[in-house]
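Novice: Quick one: this structure, given as structure tokens, is what I'll be asking you about.
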Ligand SMILES: [Zn+2]
């Protein structure tokens, strides 16, 4: 008989793999694939197209080969522990005063462990509605893997109806969040002595025009009356942000280079592409001004990542399911992004619901309360009853 591990034992194993986003997650994926296989569950592996030897996602199906099932979705990567003061080894799940400490215990290997546990239980107990699992990579660096895994699953498995993304919400149903896009803008200027500034192009001074546009748009958006969906968020509008900048050589040389990160947080109901177009129009306008002075000057814009908003919708089967299982009828939106919006974009009903609290995530001494892990297990038990 293969061993049936408890959620806590599974979590212990998952935490022992240091799956920081910049590093490989393959040993963890191998372990999950082997563990599921030992219980007769076949899994699919989706290698990350750009780094097939470093990262993979895993997904699997239990139950009849029919559509209409439920996906439990989690990410396997975690944020780094560099420079953080930990009381105990972040890669060894350690119990102190009713809490289990370890990197990823809250975000979100606790839910991953519950999902793996539920898959094995579903296999042994039997289900008439399928249960599926999706474990992704690269979530912490822009929700990159979720898009790949949502599309790969859609192509390979009978299509599920509902997706539960188990980011920490205290087991409450979250039905909406903002989207996000981040760009790296590189302004290429032309160096001259600053005394003849008018014959050169200062990359910094032209870059500043785009940054000032961000300030103008923020003020405009803050002054506008929010739409019905936007009003649910704080702040209730799309905002633009520059969090990082570099450039210039010396105080008396017009800057040849200025580069900065340019980010949007987009409220559901607005099209991220609309904002991208507005930004690119502004870029073209500034670039034309630069080229009127020196034709070789230019602005390069690289997309770092894009995450669509999770739009609250009516008749969301995932939301209904979670509300039935948890009894939670509150309305809750969050300001962080999740993979739920990639699943929504791939045609699934999606909801965010998982144990623990996002406020504990990413910090030194990250933990999950044992009571939250137990609440997650009770959730899975009720879910399994509904699928039986
Ligand atoms: Zn997370």
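Numbering (the working numbering), first residue to last: 5 to 392.
Each residue gets a CB set at the ideal place from its N, CA and C atoms; glycine is no exception.
Where does residue 254 sit, in a helix, a strand or coil, going by DSSP?
Specialist: As a working note, residue 254 is residue 250 in the chain shown. Three-state DSSP puts residue 254 in coil, outside helix and strand.
Novice: Contact between the stretch 355-368 and the stretch 109-129: three or more CB pairs below 8 Å?
Specialist: Cβ pair count under 8 Å is three or more, so yes.
Novice: Could you pull out every residue in the same chain whose Cβ sits closer than 7 Å to the Cβ of residue 78, ignoring the five residues on either side in sequence?
Specialist: Counting from one through the chain shown, the residue named residue 78 turns up at place 74. Answer for residue 78: 112, 115, 116, 119, 139, 170, listed in chain order.
Novice: Are residue 162 and residue 66 closer than 8 Å when you measure CB to CB?
Specialist: The residue labelled residue 162 in the question sits at position 158 within the chain shown. The residue labelled residue 66 in the question sits at position 62 within the chain shown. For residue 162 and residue 66, no; Cβs fall outside 8 Å.
Novice: Distance check for residue 152 and residue 25, CA to CA, integer angstroms please.
Specialist: Here the question's residue 25 lines up with position 21 in the chain shown. Here the question's residue 152 lines up with position 148 in the chain shown. Straight-line Cα distance between these residues: approximately 16 Å.
Novice: Starting from residue 112 and walking both ways along the beta strand (DSSP E), at which residues does that stretch end?
Specialist: In the chain shown, residue 112 corresponds to position 108, counting from 1. Careful: residue 112 lies outside any beta strand (DSSP E) and carries neither H nor E.
Novice: Name the one or two DSSP bridge partners that residue 186 has.
Specialist: To locate residue 186, count along the chain shown from 1; it is residue 182. According to DSSP, residue 186 bridges with 267, 309.
Novice: If you measure from each CB to the nearest heavy atom of ligand 1 and keep those under 6 Å, what residues do you get, in chain order?
Specialist: The filter returns 79, 111, 112, 143, 171, in chain order.
Novice: Please report the Cβ distance between residue 178 and residue 75, rounded to the nearest whole angstrom; I am assuming they are in contact, meaning their Cβ atoms lie under 8 Å.
Specialist: Counted from its first residue, the chain shown places residue 178 at position 174. Counted from its first residue, the chain shown places residue 75 at position 71. No, residue 178 and residue 75 are not in contact; Cβ-Cβ is about 16 Å, not under 8 Å.
Novice: Entirely within the stretch 285-373 and at least 3 residues each: give me those beta strand (DSSP E) ranges in chain order.
Specialist: The qualifying runs are 302-311, 353-356, 371-373.
Novice: How many angstroms separate the CA atom of residue 8 from the CA atom of residue 37?
Specialist: In the chain shown, counting from the first residue as 1, residue 8 sits at position 4. In the chain shown, counting from the first residue as 1, residue 37 sits at position 33. The alpha-carbon atoms of residue 8 and residue 37 are separated by roughly 14 Å.
Novice: Shortest alpha-carbon distance to residue 143 belongs to which of 382, 392, 344, 369?
Specialist: As a working mapping, residue 143 is identified with position 139 in the chain shown. The candidate whose alpha carbon is nearest that of residue 143 is 344.
Novice: DSSP three-state label for residue 241, please.
Specialist: Stepping through the chain shown from its first residue, residue 241 is reached at position 237. Coil.
Novice: List, from N- to C-terminal side, the alpha helix (DSSP H) runs of 4 residues or more that fit wholly inside the stretch 92-168.
Specialist: You should have 114-129, 148-160.
Novice: Within the same chain, show all residues whose beta-carbon is closer than 8 Å to that of residue 347, passing over the 5 residues directly before and after it, in chain order.
Specialist: Locating residue 347 in the chain shown gives position 343, where the first residue counts as 1. Excluding residues within five positions, the ones whose Cβ falls inside 8 Å are 75, 77, 150, 154, 167, 169, 354.
Novice: Using the beta-carbon count (16 or more within 10 Å), is residue 232 buried or exposed?
Specialist: Position 228 of the chain shown, counting from 1, holds the residue named residue 232. Residue 232 comes out exposed.
Novice: Here's a check: name, in chain order, each residue in its chain whose Cβ is nearer than 6 Å to the Cβ of residue 203, leaving out the five neighbours to either side.
Specialist: For the purposes of this step, residue 203 is taken as the residue at position 199 of the chain shown. Answer for residue 203: 196, listed in chain order.
Novice: Can you give me the Cβ contacts of residue 268 inside the same chain, cut-off strictly under 6 Å, excluding the 5 residues immediately before and after it?
Specialist: Walking along the chain shown from the start, residue 268 turns up at place 264. Counting only Cβ-Cβ distances below 6 Å, and skipping sequence neighbours, we find 185, 244, 279.
Novice: For residue 275, which option in 366, 205, 182, 237 has the closest C-alpha, if you only look at C-alpha atoms?
Specialist: What you label residue 275 is simply residue 271 of the chain shown in a count that begins at 1. Of the listed residues, the one whose Cα sits closest to residue 275 is 182.
Novice: Indicate whether the contact test is met: 3 or more Cβ pairs, each with one atom in the stretch 89-108 and one in the stretch 29-45, closer than 8 Å.
Specialist: Not touching, per the Cβ criterion.
Novice: Under the three-state reduction of DSSP, which class applies to residue 203: helix, strand or coil?
Specialist: As a position in the chain shown, residue 203 is number 199, starting the count at 1. Correct three-state label for residue 203: helix.
Novice: Pull up the CB-CB distance for residue 237 and residue 376, whole angstroms please, since I reckon it's below 8 Å.
Specialist: Indexing the chain shown from 1 puts residue 237 at position 233. Indexing the chain shown from 1 puts residue 376 at position 372. Contact doesn't hold; Cβ gap of about 25 Å is too wide.
Novice: DSSP on residue 173, reduced to helix/strand/coil?
Specialist: Walking along the chain shown from the start, residue 173 turns up at place 169. Strand at residue 173.
Novice: Output the distance between the C-alpha atoms of residue 106 and residue 313, rounded to the nearest integer angstrom.
Specialist: Counted from its first residue, the chain shown places residue 106 at position 102. Counted from its first residue, the chain shown places residue 313 at position 309. Between residue 106 and residue 313, the C-alpha separation is close to 30 Å.
Novice: Tell me the DSSP secondary structure of residue 75 in three-state form.
Specialist: Working through the chain shown from its first residue, we reach residue 75 at position 71. Correct three-state label for residue 75: strand.
Novice: Would you decide whether residue 12 is buried or exposed? Buried here means 16 or more other CB atoms lie within 10 Å of its CB.
Specialist: Start at 1 with the first residue of the chain shown, and residue 12 comes out as number 8. By the neighbour-count rule (16 or more Cβ atoms within 10 Å), residue 12 is buried.
Novice: Put residue 383 into one of helix, strand or coil per three-state DSSP.
Specialist: Here the question's residue 383 lines up with position 379 in the chain shown. Looking at residue 383 - three-state DSSP - the assignment turns out to be helix.
Novice: Between which two residues does the beta strand (DSSP E) harbouring residue 54 extend?
Specialist: The residue you call residue 54 lines up with position 50 of the chain shown. First-last for residue 54: undefined, no H or E at that position.
Novice: Is it buried or exposed, residue 307, if we count other Cβ atoms within 10 angstroms and call 16 or more buried?
Specialist: Translated into positions along the chain shown, residue 307 becomes position 303. So residue 307 ends up on the exposed side.
Novice: Let me check understanding here. Comparing Cα to Cα, which of 43, 44, 262 lies closest to residue 207?
Specialist: Counting from 1 along the chain shown, the entry for residue 207 is found at position 203. The shortest C-alpha separation from residue 207 is found at 262.
Novice: Is the CB of residue 157 under 8 Å away from at least one CB in chain D?
Specialist: The displayed structure is made up of one protein chain only, and chain D is not part of it.
Novice: Hey, quick one: how far does the beta strand (DSSP E) through residue 62 stretch, first residue to last?
Specialist: The count along the chain shown starts at 1 and reaches residue 62 at position 58. It spans 60-66 - the beta strand (DSSP E) in which residue 62 sits, taken as one unbroken run.
Novice: Residue 137: buried (16+ other C-beta within 10 angstroms of its C-beta) or exposed?
Specialist: Mapped onto the chain shown, residue 137 falls at position 133. Buried is the call here.
Novice: In terms of residues, what are the limits of the alpha helix (DSSP H) holding residue 236?
Specialist: The residue you call residue 236 lines up with position 232 of the chain shown. Unbroken run through residue 236: none, as it is neither H nor E.
Novice: Using CA coordinates, which residue listed in 175, 63, 54, 31 is at the minimum distance from residue 46?
Specialist: By 1-based counting over the chain shown, the position of residue 46 is 42. Ranking 175, 63, 54, 31 by Cα distance to residue 46 puts 63 first.
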